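Visitor: Before we start, here is the structure in question, set down as C-alpha cells.
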C-alpha cells in the first residue's frame, strides 16, 4: 500500500547536538517530497521540498534533507538543534495528484 | 507565501449541531484544500476545493457531512454537520501557490471540540 512512514514517534536531542528525522515512502514513482513543522498551537510551516535535481535540499531555519531514491527515503537533518526547534515534524509526499499524504509525525524534544 | 487566516480559531460545540469554518487568503489561488488532524494524529485530506466547481472529496468523507463552498479565489468554507465527539479535531485549510511549485501553505487551523 502507498504510504509515508516516520518510524520515530518521539526523539529527544540535546541542545546543540545534531538531528536526523527519518522518512520513508512507498510509491511507485518518485513523488514530490516535503517536510513541515508544527509548533504547539501553530499551523504547519513548510521547511523544505524536493521535486527533482540535487538530492540534498536546503530549507529554512538551518534544516536540510537528503533524497535517496534507492532507499525511498527523505531524511531531515540539522547540524545543531536549538531549543526553539522543539515541535512536531511531518514528512509529506505528493504522489502526483496535487494531494499531500502525511506521515504520522515525529515529536522533537530538546533537552538543555 | 500567501497569508491564510481561519475563523474561528477554536470552538466548543454540542453534538448534533453544525459549525462553519472560514478560510481567507490574501491573494488569489486556484486550489484550496481542507485537512483534518484528529487528536495526536497526522493530517488527512478531506477535500479539494477549486473555484467554480464542486469540491472533490477523499475516500471516507462525504459532502453531506462536510459541505464546502468556494465562492471566489480567496475564500472557502467548510461545514462540519451534525457533529459528534468523533469530529473533535483541528481543521486546517491550505492553498497551493504557483503553477509549478506544488507547494501547499497552511492556515493556523480551527480547533473543534464536540461535547
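Chains as they are written, first to last, in the numbering used here: chain A, 1 to 112; chain B, 1 to 115. Glycine included, every Cβ here is placed at the ideal spot set by N, Cα and C. Just so you know, these numbers come straight off a predicted model, no measurement behind them.
(1) Would you mind telling me which residues of chain A sit closer than 9 Å to residue 108 of chain B, beta carbon to beta carbon, in chain order?
(2) Mind checking which residues open and close the beta strand (DSSP E) that includes residue 7 of chain B?
(3) Alpha carbon to alpha carbon, how far is residue 22 of chain A from residue 64 of chain B?
(4) Indicate whether residue 79 of chain B and residue 71 of chain B have their beta-carbon atoms separated by less than 8 Å.
(5) Measuring alpha carbon to alpha carbon, tell me which of A:18, A:58, A:13, A:25 ends up nearest residue 7 of chain A.
(6) Any heavy atom of the ligand MN inside 7 Å of the beta-carbon of residue 99 of chain A?
(7) According to DSSP, which residues form a beta bridge with residue 93 of chain B?
(8) Look at the Cβ atom of residue 13 of chain A, then the Cβ atom of residue 110 of chain A, and state whether they are nearer than 8 Å.
(9) Using 8 Å as the Cβ pair cut-off and three pairs as the minimum, do the stretch 82-99 of chain A and the stretch 33-50 of chain A touch?
(10) Please list the partners that residue 100 of chain A has in chain B, where partner means a Cβ-to-Cβ separation under 7 Å.
(11) Rank A:65, A:57, A:56 by C-alpha distance to the C-alpha of residue 20 of chain A and give the top, closest one.
(12) Is it a yes or a no for the stretch 94-104 of chain A touching the stretch 36-54 of chain B, going by three-plus beta-carbon pairs under 8 Å?
(13) For the stretch 4-44 of chain A, list the beta strand (DSSP E) runs that are entirely contained and at least 3 residues long, ordered along the chain.
Guide: Well, looking at it:
(1) 41, 42, 43
(2) 4-7
(3) 38 Å
(4) no
(5) A:25
(6) Absence of the ligand MN is noted for the structure shown, with no ligands found whatsoever.
(7) B:34
(8) yes
(9) yes
(10) 45, 104
(11) A:65
(12) yes
(13) 10-14, 19-21, 24-26, 32-38
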